[in-house]
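Before any comments, here is the structure.
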Amino acid sequence: MKGATLVAIAATIGNFLQGWDNATIAGAVVYIKKELQLGAAVEGLIVAMSLIGATVITTCSGTISDWIGRRPMLILSSLFYFLSGLIMLWSPNVYVLLLARLLDGFGIGLAVTLVPLYISETAPSEIRGLLNTLPQFTGSGGMFLAYCMIFGMSLTPSPSWRLMLGVLSIPSLLYFVLTVLFLPESPRWLVSKGKMLEAKSVLQKLRGREDVSGEMALLVEGLVVGGETSIEEYIIGPADELDENQDPSVDKDRIKLYGPEEGLSWVARPVTGQSRISLVSRQGSMVNQSIPLMDPLVTLFGSVHEKLPETGSMRSMLFPNFGSMFSTAEPHIKNGEWDEESLQREGEGYTSEIGDGDSDDNLQSPLISRQNTSMEKDMVNPQSHGSILSMRRHSTLNAGEAIGSMGIGGGWQLAWKWSEREGEDGTKEGGFKRIYLHQEGTHGHGSRRGSLVSIPGGDGPVDGEFIQAAALVSQPALYSKELMDQRPIGPAMVHPSEAASKAPRLAALLEPGVKRALMVGIGIQILQQFSGINGVLYYTPQILQQAGVGFLLSNLGLGSDSASFLISAFTNFLMLPCIAIAMRFMDIAGRRYLLLRTIPVLVISLVVLVIGNVIDLGTVAHAVISTICVVLYFCTFVMGYGPIPNILCSEIFPTMVRGICIAICSLVFWICDVIVTYSLPVLLSSIGLAGVFGIYAIVCVISFVFIFLKVPETKGMPLEVITEFFAVGAKQAAKPEQ
């Protein structure tokens with residue numbers, strides 16, 4: 005995914021600038037207060053002004069980004085960075101400097117809020133965690149380079165704090181050029197505004213392939229917020245396979261499933277009774293869990309990752325579209341005249357969805373393609389519905405043509421099912437539902453051959469091949485009941501352009517799944533900040549001096565300021581390989597796994613710091629232990645608790661309200677950041693380092709408990725599937741209260 009990777013790298017320059025600014029202000033403030041003869045209050049205000057700016061801009065950034073797009077906001081962020089750098093380079097007095105710091109905070113707030121959101125909306129689900137760890141890597145890289153620059157300047161006779169701060173304008177100019185000339189708009193935002201052709205073009209560049217029909221359909225389905233979602237299980241086979249040796253008495257149990265590509269369909273049969281596989285049985289036991297207080301949502305997400313199928317199964321020959329689990333296309337040839345038949349019907353009065361021009365309203369292929377069969381020849385020709393994209397039912401697999409889509413990522417496949425009944429007047433009535441399919445591993449067998457008698461409640465062909473799949477079933481996005489009243493052939497879906505003028509619905513924030521996600525996002529942001537990272541980060545030089553680091557470097561002839569800058573640079577340098585390790589395992593081990601493994605290390609390092617400051621170990625031993633623990637704390641933090649809260653917040657909200665929900669979480673982040681930053685000097689003077697680190701250790705313990713009980717694993721799952729799971733989990737959790 006070269007395109008998505010390059011785009012993510014370009015976007016994270018904003019986080020590089022944030023790290024650069026954090027380091028430069030930590031060093032420059034030492035010289036600012038000497039030259040301008042500032043008191044402690046004004047000194048603290050200069051440091052905190054960027055936090056104030058970030059907090060202010062965050063309050064509206066999400067709503068505006070949902071309105072005008074992600075890309076314009078990133079461009080605005082680069083402009084704020086550039087202007088603030090120039091003003092800081094010039095700043096003749098403290099008032100102009102405060103104004104520059106405020107503008108700098110605007111740039112930081114937009115970057116921290118929107119870069120994770122932008123990467124999540126452009127990255128493929130398989131490497132979304134890796135790419136969304138890049139902001140942490142570039143931020144630490146920016147701090148390392150800035151501390152190196154400051155250390156070098158500190159060795160000169162008269163260091164210039166204006167130059168230290170003004171250098172920011174150089175990389176910010178590069179950031180501006182890249183956001184304007186290179187970064188595309190988020191395809192999910194484009195789809196939400198009905199700009200389907202542009203979204204398709206962006207996806208093709210990001211994915212490096214022409215066929216993105218499956219993901220385009222996924223993006224459209226992701227526009228829905230709320231609705232009833234349930235979990236079902238199916239035994240699935242090709243449309244022709246389950247037709248053979250079929251007992252007419254069980255024909256009513258069959259369900260036709262349609263994929264987003266032309267001619268793609270399967271036949272599915274529900275699994276009834278007690279299932280040995282998967283989500284349904286796991287969901288049924290969610291309420292009666294062995295671990296008290298654990299959120300059913302955590303169990304439900306975990307059941308997906310525990311039930312991954314084996315690769316290389318016989319089904320890879322039958323379902324080339326079924327997610328990333330299948331790789332070989334073997335189409336089932338039923339009719340070699342699909343295209344010709346389609347063209348003939350259009351000539352007989354059918355209105356082509358493609359039309360004469362290439363426009364958003366006429367776009368056909370990225371959404372639900374026409375699926376034609378001989379059964380339609382006897383039906384009345386439907387009327388054109390303008391900007392409606394329709395899919396024909398009773399289709400067969402494409403004739404003699406390999407299918408190129410690779411599903412929607414993470415082993416998931418998007419499909420629709422048609423259910424119908426006979427009305428009182430003898431006519432058939434029906435409706436469509438969206439389903440997200442996930443192949444289930446069955447005790448070491450990714451697929452089975454032979455009788456389904458061994459599956460409790462299952463019935464099917466004796467000699468057929470099949471797979472077992474769990475499905476999230478809900479209403480399709482933008483579905484119009486008025487269209488079904490007109491009884492078109494197959495389902496009809498209103499084009500997103502008809503809903504593009506609608507602003508994000510604030511009422512959607514009250515949906516159970518969204519509220520559940522907000523609880524997780526806000527909770528983890530609060531706990532992350534009160535674990536002390538930014539307080540320790542901003543005051544690293546002072547903390548290290550108080551710990552006796554100057555004594556260690558006195559033999560090198562370095563002053564206390566230069567020594568603290570050097571140690572800070574070294575600490576940030578050690579962070580980089582640790583973040584690289586986190587990037588490697590973010591999509592393999594998962595977010596939850598990394599958090600639960602790294603937070604205990606944070607607790608241990610903080611407890612040792614407390615012991616080292618309570619017990620007199622001698623000057624050298626105290627300095628060594630304190631330095632090692634601070635470095636261990638930083639390096640462990642950036643492997644888990646640093647990047648993962650922002651990653652999770654960018655993944656768990658629906659498309660239509662993702663911007664405003666992330667803004668809410670970011671606002672909480674900045675408010676807590678301001679509280680921690682302002683409280684640290686007071687705490688240091690009142691209870692000392694031991695008391696401060698003791699408080700942080702307690703918060704880390706609380707964080708571990710919260711994550712274990714409330715935070716689910718989201719690795720490898722499409723964003724739209726994650727939001728569906730939150731809806732299911734919230735519904736399940738509410739049952740005992742009813």
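Residue numbers (my numbering): 5 to 742.
Where a beta carbon is used, it is the ideal one built from N, C-alpha and C, also for glycine.
Only a predicted model underlies this, so the values are computations on that prediction, with no experimental measurement involved.
Does the separation of the CB atoms of LEU21 and ALA115 fall below 8 Å?
Yes. Within cutoff.
In the DSSP output, what is TYR262 paired with across the bridge?
Bridge partners of TYR262: SER269 and TRP420.
Which stretch, first to last residue, makes up the beta strand (DSSP E) that contains GLY241?
Start and end: 234 to 242.
Should THR160 go down as buried or exposed, given a rule of 16 or more other Cβ atoms within 10 Å for buried?
By the neighbour-count rule (16 or more Cβ atoms within 10 Å), THR160 is not buried but exposed.
Closest to TYR682 by C-alpha separation, out of LEU304, ILE603 and ALA44, would be which residue?
Checked all of LEU304, ILE603 and ALA44; the closest Cα to TYR682 is ALA44.
Where does ALA521 sit, in a helix, a strand or coil, going by DSSP?
Helix at ALA521.
Taking the alpha helix (DSSP H) that ASN97 falls in, what are its first and last residues?
Run containing ASN97: none; DSSP gives neither H nor E here.
Apart from the five residues on each side of it in sequence, which residues of its chain come closer than 8 Å, Cβ to Cβ, to THR640?
Contacts found: CYS582, THR602, VAL605, LEU606 and SER609.
Of the choices ALA419, LEU138, VAL181 and PHE155, whose alpha-carbon is the least far from that of ALA272?
For ALA272, the nearest C-alpha among the options comes from ALA419.
Report yes if the CB atom of PHE657 is closer than 8 Å to the CB atom of CYS665, and no otherwise.
Their beta carbons are under 8 Å apart, which means PHE657 touches CYS665 by this criterion.
For VAL33, I'd like the list of residues in its chain whose CB is within less than 7 Å of its CB, leaving aside the five on either flank, ordered along the chain.
Contacts found: GLU47, ILE50 and VAL51.
Residues bridged to ALA474 by DSSP?
Answer is GLU237 and HIS442, bridged to ALA474.
If you drop the 5 nearest sequence neighbours on each side, which residues of the same chain put their C-beta closer than 6 Å to that of SER765?
A query on residue 765 cannot be resolved here, the shown segment of the chain reaching from 5 to 742 and no further.
At the level of alpha carbons, what is the spacing between SER205 and ARG213?
Whole-angstrom Cα-Cα distance: 10 Å.
Put PRO274 into one of helix, strand or coil per three-state DSSP.
It is a strand residue.
Should TRP24 be labelled buried (16 or more other beta-carbon atoms within 10 Å of its own) or exposed?
The residue in question, TRP24, is buried, as its Cβ has 16 or more Cβ neighbours within 10 Å.
For PHE638, name the three-state secondary structure that DSSP assigns.
Reduced to three states, the DSSP call for PHE638 is helix.
Using only alpha-carbon positions, find the residue among LEU83, ALA737, GLY695 and THR63 that is nearest to LYS761.
Any property of residue 761 remains undetermined from this structure, which presents the chain solely from 5 to 742.
With 16 as the cutoff for other CB atoms within 10 Å, does LEU207 come out buried or exposed?
Counting Cβ neighbours within 10 Å, LEU207 comes out buried, since at least 16 surround it.
Could you check where the alpha helix (DSSP H) with ALA221 kicks off and where it finishes?
Run containing ALA221: 217 to 225, per the alpha helix (DSSP H) assignment.
Opposite LYS437 in the DSSP bridges: which residues?
According to DSSP, LYS437 bridges with LYS421.
So, is GLU236 buried or exposed, given that buried needs 16 or more other C-beta atoms within 10 angstroms?
So GLU236 ends up on the buried side.
Does the stretch 584 to 604 come close enough to the stretch 154 to 170 that 3 or more CB-CB pairs lie under 8 Å?
The stretch 154 to 170 vs the stretch 584 to 604: no contact.
Mind reading off the beta-carbon distance from ASP677 to GLN479? Whole number of angstroms is fine, and I expect it under 8 Å.
The pair is not a contact, with the Cβ atoms about 40 Å apart (cut-off 8 Å).
Are the beta-carbon atoms of TYR645 and SER572 separated by less than 8 Å?
Taking 8 Å as the Cβ cut-off, TYR645 and SER572 do not qualify as a contacting pair.
What are the start and end residues of the alpha helix (DSSP H) that includes PRO649?
PRO649 -> alpha helix (DSSP H) spans 648 to 653.
According to DSSP, is GLY109 helix, strand or coil?
Of the three classes helix, strand and coil, the one that applies to GLY109 here is helix, per DSSP.
How far does the alpha helix (DSSP H) with ARG213 in it reach, from first residue to last?
Here ARG213 belongs to no alpha helix (DSSP H), and DSSP marks it neither H nor E.
Going by DSSP, what residue range makes up the alpha helix (DSSP H) through SER190?
SER190 -> no alpha helix (DSSP H), and no H or E assigned at all.
Considering only residues of the same chain and omitting the five flanking positions on each side of SER670, which have a CB-CB separation below 6 Å?
Cβ neighbours of SER670 beyond the five flanking positions: THR62 and THR117.
For my contact list, VAL184 and ILE79 are in at a C-beta cut-off of 8 Å; report their separation, rounded to the angstrom.
Their Cβ separation, rounded to whole angstroms, is 6 Å, which keeps VAL184 and ILE79 in contact under 8 Å.
Whether or not the stretch 686 to 695 and the stretch 96 to 104 are in contact is what I'm after, with contact meaning three or more pairs of Cβ atoms, one per stretch, closer than 8 Å; do they touch?
The stretch 96 to 104, when compared against the stretch 686 to 695, does not touch it at the 8 Å Cβ threshold.
For the alpha helix (DSSP H) that THR59 lies in, which residues bound it at each end?
44 to 72 is the extent of the alpha helix (DSSP H) around THR59.
For VAL709, count neighbouring C-beta atoms within 10 Å of its own C-beta (all shown protein chains included) and say buried if the count is 16 or more, exposed if not.
By the 10 Å Cβ count, VAL709 comes out exposed.
Enumerate in chain order the residues of its own chain whose CB-to-CB distance from MET587 is below 6 Å, with the five nearest sequence positions on each side excluded.
Contacts found: LEU134 and THR137.
Applying the criterion that 16 or more other CB atoms from any shown protein chain within 10 Å of the CB defines a buried residue, is ASP108 buried or exposed?
Buried is the call here.
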